[in-house]
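In full-length UniProt numbering, the protein residues as written are 1 to 692.
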């Protein structure tokens, strides 16, 4: 039994406090909770019609769950008494704990005391509203909400948010999403969001899970959650906030400007097979789709509407997304064409025109033919008329035709309204009962389809290894930035592909070194972080005179010179960078490199360890990738060598994880096939940890 079992699915509830506590009692009674409700109040004999008790000691038994709605100091006393009585868990409503640390010196101390008072008894919060169990009618919730109890034997989604107000807003949705459980996490003083989620997905009445995340409580906890969700076939959607957060401070590399904590969070969720959405409407629609269909097996969509305008909007909505509307095969097109008149141009998305509107047999034939194409999700664009001014009678013929087409082909289908308000809530339950997912808004529908398809793809892949968090934690205090010569020396020792190079103290040494290395060469000023920005690098120097001239120009800019053999036959430049994330450890960024790296922002972030397949998939996702494949007759790049180099660099970072704060390889020059990939520039930032 999960440790939150009694709290999440209680048979008895104790309630402490004033107005909020009375609301909890009233809400549970209103929802039809069949268990015991025991209010506790120092002076009142009853609360909301239920007998009140004076203290925890006076209760008839140890409650399965408790709502503690008293001030922060008294909360600690009540939690201690509940723990000693053997209660199943408590929601701590009071604020004034760690969240006030910026202006209240007592907050951190009181939160530690609260956790100590709870001992092994689970607590949720503090600083949170708590829990609504719509499956059993048990509410540990001090405010209004807009949900309804699940029917006997019914199923719904579970939602956890780190904002009580967002939680309330989600219960007020009129989009037909059936909710089985809703929780708020608050400060997560003892029980983290991932542990709450693990408790919820074990319930057989929960079909899928939605998480609103401000911060991850535990890397290992989320890895356990994702693994268990996959085992139970219960998909997870996440809305991770903080996308606009500035990149971490005290960084000097190009990588740091691309990475940031949000990029790492996105990479972590992708690795776990948790789909990320960016808005509350998309969050609701994705959960609804997953509730009915589960993950989609692929990204191929079909769309039907009786308007060319709607068909065009649907087509445009797929632009830039993984989900798409594939062209029909000749055979499939002919099949669909045979059900329509000669004036209809058959395509996907399909505008079937109004010729067959309200002709149920004709619509059934067309819809069945279109859906027979084996699409992963079939969409019918259908906005309902206002019921207060118009009739919806004709619309049900269209719905019956679509339902028949889906059943005949054993296919997934969704009704998509172009305007959210044009799909009345009162129709949603019947649509879902008929196997048609009501999706509100075209953009949100595409977000939902993309999320469901991503999870289907992720679950079809082998489960990723746990990430390496050995470098997690706060960055080191004093940073040391070795010059390029020393950084490359370390990379050479690790067996990585670095062009031959030598230090030079003056122009004479630079000329001698260049002659030994062989022309052409590159000459750089050492001790300069971003060389190209200050003119501290000269490339393709072909003779001693040009080296000497360049050396005299560069010497005043840095602490010495570095001469390096030029890399020839370059096809493309990549950036391969690593930063230390406080939560995830070393995080890798791959992207289009060179001097325009921040401008182009063509990059992807990966967790470590990363397999060769992970790296190859990341490269294929870059806009640059066609260049590596030989774009428009250009030479093909040595992609295998690039993957070898990137994998080797990642291994070097993992081996030295305790010391490296940042590593910026920019560029990694990828040459034509058979000629390798070479580390042309390296910026290494070390922390004050000396455990290499």
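Glycine included, C-beta positions come from ideal geometry on N, C-alpha and C. None of these values were measured; they are calculated from a predicted model.
DSSP lists 138, 181 as the bridge partner or partners of residue 133. About 12 angstroms separates the beta carbon of residue 605 from that of residue 576, a gap too long to meet the 8 angstroms contact definition.
Relative to residue 326, the option among 362, 370, 292 whose CA is nearest is 370. Ranking 494, 483, 574 by CA distance to the CA of residue 531 puts 483 first. Boundaries of the alpha helix (DSSP H) harbouring residue 395: 393-409, taken from the DSSP string.
The criterion of a C-beta distance shorter than 7 angstroms is satisfied by residue 302 and residue 375.
Its Cα nearest to that of residue 176, the residue 291 stands out among 291, 267, 312, 522. Judged by their CB atoms, residue 557 and residue 525 are nearer to each other than the 7 angstroms cut-off.
Per the Cβ contact rule, the region 378-385 is in contact with the region 402-416 (3 or more Cβ pairs under 8 angstroms). If you draw a straight line from the Cα of residue 159 to the Cα of residue 560, it is about 59 angstroms long. In this model, residue 170 and residue 126 are separated by some 21 angstroms (Cα to Cα).
One Cα belongs to residue 460, the other to residue 491, and the distance between them is close to 36 angstroms. Residue burial is scored here from C-beta neighbours: residue 685 has at least 16 other C-beta atoms within 10 angstroms and is therefore classed as buried. Contact check for residue 230 and residue 198: beta-carbon distance about 13 angstroms, past the 8 angstroms limit, so the pair fails to qualify.
Per DSSP, the continuous alpha helix (DSSP H) segment holding residue 165 begins and ends at 164-171. The region 603-669 contains, as complete beta strand (DSSP E) runs of 3+ residues, the segments 603-607 (chain order). DSSP places residue 427 in the uninterrupted alpha helix (DSSP H) bounded by 425-433. DSSP places residue 324 in the strand class (E or B) of the three-state scheme.
The continuous alpha helix (DSSP H) containing residue 489 extends over residues 484-493. The straight-line gap separating the alpha-carbon atoms of residue 439 and residue 95 is approximately 37 angstroms. Nearest in C-alpha terms to residue 329, of all of 346, 318, 315, is 346. Between the C-alpha atoms of residue 214 and residue 163 there is a straight-line separation of about 9 angstroms. DSSP, reduced to helix, strand and coil, places residue 216 outside both helices and strands of the structure shown, so it counts as coil. Listed in chain order, the non-local C-beta contacts of residue 672 below 6 angstroms within the same chain comprise 569, 571, 635, local neighbours out to five positions each way being set aside. Among the bridge pairs identified by DSSP, residue 302 is matched with 378. Taken in chain order, the region 313-361 contains no complete beta strand (DSSP E) segment of 3 residues or longer.
DSSP places residue 686 in the uninterrupted beta strand (DSSP E) bounded by 682-686.
Here residue 542 is exposed, its C-beta having fewer than 16 other C-beta atoms within 10 Å.
With a minimum length of 3 residues, there is no unbroken run of beta strand (DSSP E) contained wholly in the region 439-477. The beta-bridge partner set that DSSP reports for residue 672 consists of 637. Non-local C-beta neighbours of residue 581 in its own chain, meaning closer than 6 angstroms and more than five positions away in sequence, comprise 264, 587, ordered along the chain. Using a Cβ-Cβ distance cut-off of 8 angstroms, the region 467-474 and the region 506-516 are not in contact, since fewer than three pairs of beta carbons, one from each stretch, lie closer than that value.
Closest in alpha carbon position to residue 363, among 404, 343, 334, is 404. Distance check between residue 234 and each of 554, 184, 288, 220 places 288 closest, using alpha-carbon atoms only.
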